[in-house]
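Below: the structure, in structure tokens.
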Amino acid sequence: MLTTRKQDVGSYSSDVRSHILTIKPLKEEEAWDLFCMKAFSSCRGNSCPKELEPWALELVRKCKGLPLAVVALGGLLSSKKSITEWSSVCDNLNWQLNNNQMLEVVKSILLLSFSDLPSPLKHCFLYCCLFPEDYEIRRKRLIKLWIAEGFVQQVDRTAPKEVAESYLMELILRSMLQVVRRNEFGRPKRCKMHDLLREIGLSISEKEKFGVVYDGKVEIGECESHQARRLSIQTTKWDLQSYSSITRLRSLFVFVNGSVSFSNTLMSKFKLLRTLDLENAAIDVLPEELGTLFNLRYLNLRGTPMAELPKSIGELRNLELLDISETNIKELPSEVAKLQNLRHLNMWSKFIADIHNFELVRGCRLKDDPLPHIAALPNLRKVILVNSFVEENLHFCSGFAKLKILWLLVFPQLTGITIRKGVMPDIQELWIDSCLMLNAVPYGIESLTNLQSLLLTNCSASLIGRVNDVESKDRSKVLHIPNIKCFKRRGELP
Numbered sequence: 001m002l003t004t005r006k007q008d009v010g011s012y013s014s015d016v017r018s019h020i021l022t023i024k025p026l027k028e029e030e031a032w033d034l035f036c037m038k039a040f041s042s043c044r045g046n047s048c049p050k051e052l053e054p055w056a057l058e059l060v061r062k063c064k065g066l067p068l069a070v071v072a073l074g075g076l077l078s079s080k081k082s083i084t085e086w087s088s089v090c091d092n093l094n095w096q097l098n099n100n101q102m103l104e105v106v107k108s109i110l111l112l113s114f115s116d117l118p119s120p121l122k123h124c125f126l127y128c129c130l131f132p133e134d135y136e137i138r139r140k141r142l143i144k145l146w147i148a149e150g151f152v153q154q155v156d157r158t159a160p161k162e163v164a165e166s167y168l169m170e171l172i173l174r175s176m177l178q179v180v181r182r183n184e185f186g187r188p189k190r191c192k193m194h195d196l197l198r199e200i201g202l203s204i205s206e207k208e209k210f211g212v213v214y215d216g217k218v219e220i221g222e223c224e225s226h227q228a229r230r231l232s233i234q235t236t237k238w239d240l241q242s243y244s245s246i247t248r249l250r251s252l253f254v255f256v257n258g259s260v261s262f263s264n265t266l267m268s269k270f271k272l273l274r275t276l277d278l279e280n281a282a283i284d285v286l287p288e289e290l291g292t293l294f295n296l297r298y299l300n301l302r303g304t305p306m307a308e309l310p311k312s313i314g315e316l317r318n319l320e321l322l323d324i325s326e327t328n329i330k331e332l333p334s335e336v337a338k339l340q341n342l343r344h345l346n347m348w349s350k351f352i353a354d355i356h357n358f359e360l361v362r363g364c365r366l367k368d369d370p371l372p373h374i375a376a377l378p379n380l381r382k383v384i385l386v387n388s389f390v391e392e393n394l395h396f397c398s399g400f401a402k403l404k405i406l407w408l409l410v411f412p413q414l415t416g417i418t419i420r421k422g423v424m425p426d427i428q429e430l431w432i433d434s435c436l437m438l439n440a441v442p443y444g445i446e447s448l449t450n451l452q453s454l455l456l457t458n459c460s461a462s463l464i465g466r467v468n469d470v471e472s473k474d475r476s477k478v479l480h481i482p483n484i485k486c487f488k489r490r491g492e493l494p
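If you use full-length UniProt numbering, the sequence shown corresponds to residues 1 to 494, in order.
Below, the structure is given as structure tokens:
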């Protein structure tokens with residue numbers, strides 16, 4: 001099946017004309033129902049208030065039965081409650097249509113939807129346009145990128161992550177982003193952007209020098225002439241060195257299947273770079289000049305074939321996030337301990353195809369205990385370790401002063417966990433999963449007085465029995481924890 005907005009493409013793709021199905025616009029009542037569903041989702045029965053009905057009917061007629069236009073306009077108006085606001089939208093749309101005679105109705109409405117966004121959300125929306133067409137963007141990745149870029153405004157005492165989450169939900173509510181996958185709690189897990197919205201966003205992005213996508217359709221010189229602050233490379237037509245003249249870059253994405261490489265001279269050109277996202281790119285080595293990127297906040301190497309980090313990584317004193325999930329990295333350089341502003345360190349084995357088949361991952365865990373290297377990081381808030389150490393005991397001997405969340409997942413040989421008193425004093429959440437040889441709660445857990453949640457999943461019957469037995473010593477050690485949940489296997493209560 002082939003879908004297209006161009007009739008000639010459909011004709012060329014079919015030998016039998018009768019096989020071409022032309023999608024007709026929505027009928028008036030269908031368009032009205034769809035509009036009300038989006039614009040009045042918070043009202044009982046999605047019904048339109050009587051006082052807004054004249055404007056609503058006029059706006060729906062202007063959509064000419066085009067579903068995307070109806071959805072976008074409904075999403076835009078869902079946040080408007082007064083007659084004045086609705087009248088203003090109607091007037092602005094009339095101006096768009098009168099001054100863009102050649103512009104399709106749907107594009108006029110989408111432009112209006114963009115214009116109505118608050119300034120931070122405009123930046124967040126344009127940022128999404130830098131991903132390839134139909135690309136499914138992970139929610140967590142997007143949130144962290146927005147924060148690293150400085151798009152997220154400070155709101156009282158609300159954490160930046162929560163503010164960024166509200167931005168994402170607002171874009172979804174306005175139908176500027178589409179949810180393509182949700183997690184088990186119903187939260188968006190992956191999103192993507194409609195291709196028409198992306199086209200409009202890229203046009204605005206290039207005009208305002210916000211960012212540019214290079215996909216090989218234009219000459220490299222034209223791409224360089226934009227001097228944009230963000231670059232998304234989506235072709236191997238040129239090597240990375242070709243982009244060295246774009247010296248104002250704040251963000252660099254690489255979305256290519258072919259092999260690419262960074263040179264020392266290229267790195268030295270990008271002094272202003274704040275985010276470097278190489279997720280799933282075929283890059284196996286980063287040069288030592290990486291350490292010259294003083295402004296770098298975000299380094300995503302997830303899914304690359306990289307086997308080691310350059311020692312110069314310790315020079316990235318402003319780095320807040322390092323993701324080496326699903327790479328071939330088996331050892332952290334000691335220089336990682338110098339990353340004083342690091343808040344997120346993600347390590348995840350590339351070879352965990354079946355989380356219960358421990359034979360598959362035996363050769364790809366870290367050779368040395370990673371804890372001494374990361375314990376001294378003063379701003380670390382969350383640590384997730386997945387089958388990342390081969391010894392039988394984990395010792396938390398010092399540090400982790402601001403750690404809030406600790407996940408220990410899939411340690412098949414782990415028999416003991418020791419937490420020295422005074423270590424991780426602010427820990428609030430501890431999750432232990434698939435540690436089948438562990439038969440007792442962590443030694444020292446009773447000193448974690450701020451611990452709010454203990455989750456044990458797919459753990460031994462012995463461990464779960466001790467936690468549930470009111471007369472056991474292990475039970476007495478966890479009585480101060482308000483929320484304790486134990487599952488023999490994921491989703492199965494004991």
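Even glycine gets a Cβ: it sits at the ideal position worked out from N, Cα and C.
Buried versus exposed call for residue i [16 or more other C-beta atoms within 10 Å across all chains shown]
i	result
Val70	buried
Gly74	buried
Gln234	buried
Lys27	exposed
Pro188	buried
Arg302	buried
Asn450	exposed
Asn458	buried
Gly211	buried
Met37	exposed
Thr327	buried
Glu51	exposed
Arg254	Going by the sequence as given, residue 254 is Val instead of Arg. Buried is the call here.
Cys397	exposed
Ser113	buried
Thr209	The sequence given here places Lys at residue 209; Thr does not occur at that position. Answer is exposed; the Cβ neighbour count stays below 16.
Asn300	buried
Identified DSSP bridge partners for residue i
i	result
Thr418	His395 and Tyr443
Lys192	Gln178
Arg230	Ser251
Ser472	Bridge partners of Ser472: none, in fact.
His123	Paired residue(s): none; His123 is not in a bridge.
Arg138	Arg190
Val285	In the DSSP output, where bridge partners are listed per residue, Val285 has none listed.
Glu429	Ile405 and Ser453
Lys485	Leu455
Val155	Thr158
Lys382	His344 and Ile405
Tyr214	Ile233
Beta-carbon separation (whole angstroms), residue i vs residue j, contact threshold 8 angstroms
i	j	result
Arg230	Leu202	Rounded, the Cβ-Cβ distance is 11 angstroms, inconsistent with contact.
Asn379	Arg343	5 angstroms
Lys161	Ile147	7 angstroms
Thr418	Gly444	6 angstroms
Ala31	Leu77	Actually they are not in contact, since the Cβ atoms of Ala31 and Leu77 sit about 14 angstroms apart, beyond 8 angstroms.
Asn346	Ile324	7 angstroms
Leu454	Val478	6 angstroms
Val386	Val410	6 angstroms
Lys403	Asp426	Going by the sequence as given, residue 403 is Leu instead of Lys. Their Cβ separation, rounded to whole angstroms, is 7 angstroms, which keeps Leu403 and Asp426 in contact under 8 angstroms.
Ile283	Met306	7 angstroms
Cβ of residue i within 8 angstroms of any chain C Cβ
i	result
Cys435	Checking the listed chains, one finds no chain C in this structure; it contains a single protein chain.
(Q) Measuring CB atoms only, is the segment 282-297 touching the segment 251-267, in the sense that at least three cross pairs come out at less than 8 angstroms? (A) Touching, per the Cβ criterion.
Q. Counting Cβ pairs, one atom from each stretch, are 3 or more of them under 8 angstroms apart for the segment 461-468 and the segment 438-449?
A. Counting Cβ pairs under 8 angstroms, three or more are found: they touch.
Q. So, do the segment 71-90 and the segment 148-160 have three or more beta carbon pairs nearer to each other than 8 angstroms?
A. no
Q. Do the segment 40-48 and the segment 132-145 make contact, defined as three or more Cβ pairs closer than 8 angstroms?
A. With a cut-off of 8 angstroms, the segment 132-145 and the segment 40-48 do not count as touching, because too few Cβ pairs lie within range.
Q: Give, in chain order, every unbroken run of the alpha helix (DSSP H) that is at least 4 residues long and sits entirely within the UniProt domain "Disease resistance R13L4/SHOC-2-like LRR" (249-348).
A: For the UniProt domain "Disease resistance R13L4/SHOC-2-like LRR" (249-348), whole alpha helix (DSSP H) runs of length 4 or above, ordered along the chain, are 264-269.
Q: Would you check if the segment 324-342 and the segment 306-314 touch, i.e. whether three or more CB-CB distances between them fall below 8 angstroms?
A: Contact check between the segment 306-314 and the segment 324-342: three or more CB pairs, one atom from each, fall below 8 angstroms, which counts as touching.
Q | Runs of alpha helix (DSSP H) wholly within the segment 21-109 (minimum 4 residues, chain order) | A | 28-39, 53-62, 67-77 and 83-99
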